[in-house]
Structure formats: C-alpha cells, structure tokens
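Engineer:
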Amino acid sequence: SSRTVLSALADGVLTLTLNRPDKLNAFDEEMHLALREGLQRAHDDQDVRAVLLTGSGRGFCAGQDLGNRDPRKGGPKPDLGSTLERFYNPNMRMIRSLSKPVICAVNGVAAGAGANMALVCDIVLAARSAKFIQAFSKIGLVPDSGGTWSLTRILGEPRAKALMLTAEPLMAETAADWGLIWKAVDDEALMTEAQALAARLAAGATLGLGLTKELIQAAATSSFDDQLDLERDAQQRAGHSADYAEGVTAFLEKRKPEFTGQ
Ligand code: T3D
3 SSRTVLSALA DGVLTLTLNR PDKLNAFDEE MHLALREGLQ RAHDDQDVRA
53 VLLTGSGRGF CAGQDLGNRD PRKGGPKPDL GSTLERFYNP NMRMIRSLSK
103 PVICAVNGVA AGAGANMALV CDIVLAARSA KFIQAFSKIG LVPDSGGTWS
153 LTRILGEPRA KALMLTAEPL MAETAADWGL IWKAVDDEAL MTEAQALAAR
203 LAAGATLGLG LTKELIQAAA TSSFDDQLDL ERDAQQRAGH SADYAEGVTA
253 FLEKRKPEFT GQ
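Every letter in the sequence shown is one number past the one before it in full-length UniProt numbering, and letter 185, counting from 1, is 187.
1. Can at least three beta-carbon pairs, one atom from the segment 99-113 and one from the segment 194-213, be found at a separation below 8 angstroms?
2. Going by the C-beta, is Asp13 closer than 6 angstroms to any heavy atom of ligand 1?
3. Is Ala128 helix, strand or coil when you go by DSSP?
4. What separation, rounded to the nearest whole angstrom, lies between the Cα atoms of Leu20 and Glu39?
5. Quick check on this structure: which residue in Ser147, Val126, Gln48 and Val111 has the alpha carbon closest to the alpha carbon of Met96?
6. Less than 7 angstroms between the beta carbons of Ala44 and Leu82, yes or no?
7. Count the other C-beta atoms from every protein chain shown that fall within 10 angstroms of the C-beta of Leu18, then say buried if there are 16 or more, exposed otherwise.
8. Are Asp67 and Asp30 closer than 7 angstroms when you measure CB to CB?
9. Under the DSSP definition of a beta bridge, which residues are partnered with Lys133?
10. Would you identify the three-state DSSP class for Gln66, choosing helix, strand or coil?
11. To test your reading of the DSSP string, which unbroken alpha helix (DSSP H) runs of 4 or more residues are found completely within the segment 22-102?
12. Check Leu16 in the structure and name its three-state DSSP category.
13. Between which two residues does the alpha helix (DSSP H) harbouring Val122 extend?
14. Do Pro171 and Ile135 come within 7 angstroms of each other at the CB atom, strictly closer than that value?
15. Take Met173 and list the residues in its own chain whose beta-carbon comes closer than 6 angstroms to its own, dropping the five residues that flank it on each side.
16. Starting from Val250 and walking both ways along the alpha helix (DSSP H), at which residues does that stretch end?
17. Using only the alpha-carbon positions, how far apart do Thr6 and Asp228 sit?
18. Confirm the yes/no value for this check: CB of Ala115, any heavy atom of ligand 1, distance under 6 angstroms.
19. Could you check how far apart the C-beta atoms of Gly57 and Asn93 are, in whole angstroms? I think they sit under 8 angstroms.
20. Is there at least one non-hydrogen atom of ligand 1 closer than 6 angstroms to the beta-carbon of Lys185?
21. What is the DSSP secondary structure of Ala162, reduced to helix, strand or coil?
22. Under a three-way DSSP split, which group does Ile156 fall into?
23. Note down, in chain order, each residue of its chain lying with its Cβ closer than 7 angstroms to the Cβ of Ala240, except the 5 sequence neighbours on either side.
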C-alpha cells in the first residue's frame, strides 16, 4: 500500500486518507492507483463493511495535480480523455458500484475532480469551513468525474450551470442546504462524527445496505414499474440473508441486533 493514500481497517471501516497534503491532496498517477488499490480492497475484503474517504492536512482534494500538466515544460499536449479513462473514471465507477456504503468526510477545500469525487460517495459530511469549487472553467476544462451528472441531477440546471460556469466556491453549509451533501459539521467534530457514522453503517446489515444503494442508484433511470420489480428482486435476496433473520429475532427478543454482514 502507498503513502499517498493511507489505508486503515478498524471495526469494519476501511478509512482511505488521501495523503499529499502539501498539494492539498491533488491527484497524481500514484495517488489514483493507490486509491484504486484501496477501493479494490474494499470490494474484495469481507471484513470491510463501510468505507470512509477523507484527506490529510487542510484540504480534501484539489483535483488534478497541475504541476504535472505544465505546458511550459514542452512536449506533446496531454491526452486528457485518456487520463480520465485510465485513472479518474475507474475510481469513480468503483465508488459508485461498491456494494458497501462509502462515507466521505470533506475536511477542507474540494476542488475540480476532488469536489466531484466527494459527490460520487454515498453520504457526504463536510467541515463547515470546507468549500466545493468547480474549478475547471478557470483553466479551460470541462467538469469531470461525474460532476456534470451529479450536480445537474441533484441541483438542477440553474445551479449546476452557475457553479460550473463561474467556478464560484460553494460553502459546506449551502451545499447541505441545497441537498448536495448530507450535512455540514463543525470542523472539530467532523472526523468523530464521520467515524461514528461509518462504524454504525459497518455494523449494519451489509447485504441490505448494498442492495439499497443499488436500488437508489437504479431509480434515476427506472420507470416506477421497473423499480418495483427491482425492489421485489432485492427484497427476495435480503429476505434470505442471515442478517434479516437476526434483525427480526432481535426485534422480537427486544434486544439490539448483531449483524454479521451476511
Ligand atoms: O489533467 C487531467 O488529467 C484532466 C483532469 C482534470 C481534473 C481536475 O481536477 S481539473 C481542476 C484542477 N484543480 C484546480 O484547478 C484547483 C487548483 N487549486 C486551487 O484553485 C487552489 O489551490 C484551491 C482553491 C484548491 C485552494 O486554494 P488555497 O488558497 O487554499 O491554497 P493554495 O495556496 O492555492 O494551495 C496550497 C498549495 O497546494 C500550493 O502550493 P505551494 O504554493 O504552497 O507550494 C498550491 O500550488 C498547491 N496546489 C493546490 N492545488 C493544486 C496544487 N498543486 C498542484 N495541483 C493542484 N491542483
């Protein structure tokens, strides 16, 4: 495992910490690959039942490391379509398709692909001092990492366009008021609260939570009838899980359930 993404498993929570603090955790190839490795572990390891993504230092993630894109250094122009295809997009897809909850603790500024990566996560908490910046337009690029999809769906065109065309920072509190994230939390409380939430989810009925995530994501493109069918199929699977049996037993015995994730 790499030092550019710290990876630690405790109580079923795999915490992945972006760790290039001097660059506000901007992405270079090594950090992309390290994040991919962490997400792959989250997928493969049965002991991982929730993921907590955060950043070290005062920033969450400043998007692409522009030091690696210096035109003054000469050479051919970079093929950014290829870097999205090879590095950004696979990680965004892994977060979204992971059948375990991914909590994001946005500890500081989230800019460019860093902002949009946060929005791919399932539950986003942000420090009150954190801001989200669709920085792309300032350097002549288009928003990526799903930003044109997420912001447009969540906020609608008027706010998505204003944020993306102007690159004006959006404070955590407003992001929460607009429904872009789950909540803004006092800076000092962010990590405690995010860890508690991640631990709670990691102690949950993992199969059911994974299916729930899948269903919600399918809703965007399903008809009502199709969605009812998907719910039927997912409920059938959940109904066969050990955690469902435990959940009902615990209810009837008036005690807390002890879910195993199976
Ligand atoms: O290229 C491709 O593969 C295509 C994919 C693109 C995806 C993208 O994400 S494009 C967007 C890239 N990101 C940006 O344009 C954001 C650039 N950064 C900023 O605008 C500002 O740094 C922030 C608004 C994020 C934070 O501002 P502030 O004032 O709090 O901090 P700062 O002083 O600007 O940054 C602190 C240090 O981090 C500084 O280094 P120094 O001077 O102390 O040595 C700064 O250069 C460095 N840093 C911040 N962001 C980046 C970065 N270094 C490299 N790349 C960065 N993106």
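Using N, Cα and C, we set each Cβ at its ideal position, and we do this for glycine too.
Structural biologist: Short version:
1. The segment 99-113 vs the segment 194-213: in contact.
2. Not so, every heavy atom of ligand 1 lies at least 6 angstroms from the Cβ.
3. In this structure, Ala128 counts as strand in the three-state DSSP scheme.
4. Straight-line Cα distance between these residues: approximately 12 angstroms.
5. The shortest Cα separation from Met96 among Ser147, Val126, Gln48 and Val111 belongs to Ser147.
6. No. Outside cutoff.
7. Residue environment analysis places Leu18 among the buried positions, since at least 16 neighbouring C-beta atoms fall within 10 angstroms of its C-beta.
8. Taking C-beta atoms as the reference points, Asp67 and Asp30 count as a pair closer than 7 angstroms.
9. Per DSSP, Met173.
10. Of the three classes helix, strand and coil, the one that applies to Gln66 here is strand, per DSSP.
11. Listed in chain order, the complete alpha helix (DSSP H) runs (minimum 4 residues) inside the segment 22-102 are 31-46, 82-85 and 91-99.
12. Residue state, collapsed to three classes: strand.
13. Residues Ala115 to Val122.
14. Cβ distance < 7 angstroms, so Ile135 and Pro171 count as in contact.
15. If we look at Met173 and ignore the five residues flanking it on each side, its Cβ neighbours are Lys133.
16. Where Val250 is concerned, the enclosing alpha helix (DSSP H) stretches over Ala244 to Leu254.
17. Here the alpha carbons of Asp228 and Thr6 stand approximately 42 angstroms from one another.
18. Ligand 1 has a heavy atom closer than 6 angstroms to the beta-carbon of Ala115.
19. The pair is not a contact, with the Cβ atoms about 15 angstroms apart (cut-off 8 angstroms).
20. For Lys185, the CB stays at least 6 angstroms from every heavy atom of ligand 1.
21. In the structure shown, Ala162 adopts helical secondary structure according to DSSP, grouped into three states.
22. Correct three-state label for Ile156: helix.
23. Hits under 7 angstroms: Leu209, Gly210, Leu213 and Tyr246.
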